[in-house]
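So the protein lines, in turn, are chains L and C.
For the first sequence, the positions run 1 to 254 when the numbering used here is used.
For the second sequence, the positions run 255 to 508 when the numbering used here is used.
So the structure is just underneath, and the comments pick up after that.
There are 2 protein chains.
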Amino acid sequence: MAKLEWSQLSIDKGKPLPRYYQISKALEKFIEKNRIPSETRLPSEEYLSKIFGVSRPTINKAIQLLMEKSLVRKERGKGTFVIEKKVVPFVFMQDLTSLGESLKKSGLSFTTKVIESKEIRAGSTIAREMTLKPRDLVVYLKRLRCIEGEPVFVTETYLPSKKFPGLLKQDFASRTLYSILEEEYGIPVVKAKRILRVGRPSTEDATLLKIPLSQPLIELEGIAYSGDGSVVAYSKSKFRGDRVVLSSTVFKTQ
Amino acid sequence: MAKLEWSQLSIDKGKPLPRYYQISKALEKFIEKNRIPSETRLPSEEYLSKIFGVSRPTINKAIQLLMEKSLVRKERGKGTFVIEKKVVPFVFMQDLTSLGESLKKSGLSFTTKVIESKEIRAGSTIAREMTLKPRDLVVYLKRLRCIEGEPVFVTETYLPSKKFPGLLKQDFASRTLYSILEEEYGIPVVKAKRILRVGRPSTEDATLLKIPLSQPLIELEGIAYSGDGSVVAYSKSKFRGDRVVLSSTVFKTQ
DNA sequence: AAGTGGTCTAGACCACGGG
DNA sequence: CCGTGGTCTAGACCACTTG
């Protein structure tokens with residue numbers, strides 16, 4: 001009977017709006033109004049193309065828009081499914097904590113997976129950010145963080161090897177980076193600069209985060225400093241824009 | 255002679271990557287490597303389709319990707335043009351300043367255009383955010399901010415009418431909102447909550463900001479409080495993701 | 001084997017901008 | 001008028017999932 005419902009959908013081909021846009025809106029409204037449960041499968045693109053009286057590429061593009069809004073998820077060979085809208089509230093600027101610590105406090109279950117860890121030369125770009133020389137060694141760390149079992153962000157971190165001998169032997173999956181730095185090396189982070197922008201995933205990050213290439217990310221770049229003003233870590237985190245909200249509270253300083 | 259350069263481009267149709275993706279990357283690299291100046295017109299889609307040996311819709315989709323990355327801008331009837339990459343560094347969390355004040359300090363020339371200003375009833379959503387009753391009156395203000403002449407973000411602000419009688423008569427184009435609140439009403443903002451997310455523009459906002467609907471925005475929602483803990487303003491700002499970087503510095507508090 | 005989405009083609013018509 | 005991008009069609013082949 002499900003098909004009967006969808007079959008009522010239609011668009012006005014006379015309107016000056018693109019058909020794919022009208023179809024996208026029609027589907028969106030239909031899903032909202034009828035409160036289509038998440039994980040419901042949409043009719044096939046073939047079927048929809050008949051309903052709306054357009055070609056399949058047009059339907060494909062319409063659904064593409066819904067996917068970019070994270071309303072649906074496509075699975076090759078299976079179909080298109082309504083997504084449950086989840087957002088993880090996320091505190092990060094309030095106090096000077098690493099993202100891992102911030103997550104811990106929130107009480108949500110989260111896991112860390114180390115994608116890669118190695119020692120490399122800084123190179124000109126990283127060296128400039130960290131006020132090192134390009135040939136200096138740094139520890140490179142790439143971690144994937146999942147919340148409630150779902151991938152939410154990846155972080156790439158660079159730390160000066162000189163300051164943290166043996167760092168690669170630490171267990172980054174079960175302890176937060178900041179706590180390792182403070183407890184194992186006695187170097188606490190006392191200041192951090194952060195830069196935030198919108199970005200797009202690389203093919204690798206899209207795979208890790210299980211998102212399409214078209215979905216925007218929130219990029220958070222950070223430089224952490226120790227008490228003597230030297231750089232302790234340079235990091236770049238990429239968050240799924242559909243799963244994360246960053247929040248903070250600011251008070252008058254004077 | 256420009257055509258000669260572009261004509262060298264090609265892709266490997268045997269690769270397992272979509273053609274539109276390969277073409278997009280090829281064009282991107284070509285623009286970067288040859289430092290194609292901004293405002294240069296790309297070859298027509300027709301021409302490119304011949305060069306790459308694919309159909310025009312495929313070229314169209316490839317260029318679509320570049321547009322979403324804000325590398326090019328399409329103009330109907332004219333062509334596709336390379337965009338100058340401009341980013342406005344933007345301090346926002348450091349201290350408790352309004353966005354207007356933050357801009358002023360940055361030294362960049364900026365203008366404010368009032369799109370709309372009126373008194374309305376709060377409604378349930380706004381009332382909840384501002385701890386008002388749905389039927390309470392609020393002043394609604396929608397402003398477009400331009401930096402160096404280009405639209406960069408829109409802000410919608412709601413303020414409780416009761417606290418600020420005659421507010422609509424103020425000149426919001428030449429003074430910042432916070433300074434009006436403090437100097438005209440003696441109510442300074444001492445605390446603010448901020449929530450940040452990625453969003454997509456409404457058709458109206460896309461027009462105001464001169465961006466395609468596909469381009470993501472940074473949304474900054476804020477609630478400002480006065481000394482007695484009451485809500486002074488609720489605002490929602492939407493920034494062009496390709497023009498803005500938000501930055502902050504955090505210190506250890508304890 | 002059948003059904004799904006991913007992608008592509010060759011051609012088409014339109015609206016817009018500029019000569 | 002012509003060249004541009006915006007959009008659409010009808011059909012196709014592929015890779016993947018499921019029965």
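Glycine included, each C-beta is placed from N, C-alpha and C at the ideal position.
The beta carbon of residue 387/C is closer than 8 Å to those of 376 and 381 in its chain, skipping five residues each way along the sequence. According to DSSP, residue pairing for residue 223/L in a beta bridge involves 193/L and 234/L.
In the three-state scheme derived from DSSP, where H, G and I count as helix and E and B as strand, residue 286/C is classed as helix. According to the DSSP secondary-structure assignment, residue 328/C is paired through a beta bridge with 334/C. By the 16-neighbour rule on beta-carbons within 10 angstroms, residue 248/L is buried. Counting of Cβ neighbours within 10 angstroms places residue 8/L among the exposed residues, the total staying below 16.
The beta carbon of residue 198/L sits closer than 8 Å to the beta carbons of 216, 217, 218, 219 and 241 from its chain, once the five residues preceding and following it are set aside; these are given in chain order. The continuous alpha helix (DSSP H) containing residue 208/L extends over residues 203–209. With fewer than three CB-CB distances shorter than 8 Å, the region 181–198 of chain L does not count as touching the region 274–292 of chain C. Residues of chain C with a Cβ closer than 8 Å to the Cβ of residue 216/L are, in chain order, 452, 470 and 495. Here the C-alpha atom of residue 29/L lies approximately 15 Å from the C-alpha atom of residue 48/L. Chain order gives the chain C residues near residue 246/L as 449, 450 and 451, where near means a beta carbon separation below 8 Å.
For residue 310/C, no beta strand (DSSP E) run applies; the uninterrupted alpha helix (DSSP H) run containing it begins and ends at 310–322, by DSSP. Burial is judged here by how many other beta carbons sit within 10 angstroms of a residue's own beta carbon; residue 68/L has at least 16 and is buried. Ranking 416/C, 299/C and 304/C by CA distance to the CA of residue 318/C puts 299/C first.
DSSP, reduced to helix, strand and coil, places residue 153/L within a strand of the structure shown. Counting only the Cα atoms, residue 448/C lies some 16 Å from residue 484/C.
Each residue's CA atom was taken as its position, placing residue 154/L and residue 144/L some 4 Å apart. Comparing C-alpha distances from residue 183/L to each of 164/L, 104/L and 11/L shows the shortest one belongs to 164/L. For residue 118/L, the enclosing beta strand (DSSP E) stretches over residues 110–121. Beta-bridge annotation (DSSP): residue 495/C is not paired with any residue. Listed in chain order, the non-local C-beta contacts of residue 6/L below 6 Å within the same chain comprise 43, local neighbours out to five positions each way being set aside. If the five residues before and after residue 326/C are omitted, its C-beta is found closer than 7 Å to the C-beta atoms of 296, 317, 320, 334, 335, 336 and 337, all from its own chain and listed in chain order. Put simply, the CB of residue 275/C is near chain L, with a gap under 9 Å to one of its CB atoms. At a cut-off of 9 Å between beta carbons, residue 444/C contacts chain L. Neighbourhood of residue 323/C in chain L, by CB distance below 7 Å: 200, in chain order. Per DSSP, residue 124/L has no beta bridge partner at all.
For residue 340/C, not one C-beta of chain L is nearer than 9 Å to its own C-beta. Distances from the CA of residue 402/C to each of 360/C, 454/C, 270/C and 370/C were compared; the closest alpha carbon is that of 360/C. DSSP places residue 147/L inside the beta strand (DSSP E), whose first and last residues are 137–147. Annotation for residue 40/L: 82 place their beta carbon closer than 6 Å to its own, counting only its chain and skipping 5 residues before and after. Here residue 207/L is exposed, its C-beta having fewer than 16 other C-beta atoms within 10 Å.
Within the region 150–181 of chain L, no residue has its Cβ closer than 9 Å to any Cβ of chain C. Contact between residue 178/L and residue 158/L does not hold, since their C-beta atoms are separated by about 15 Å, which reaches or exceeds 8 Å.
Excluding residues up to 5 positions away in sequence, 119, 136, 137, 138, 139 and 167 lie with their Cβ nearer than 8 Å to the Cβ of residue 161/L in the same chain.
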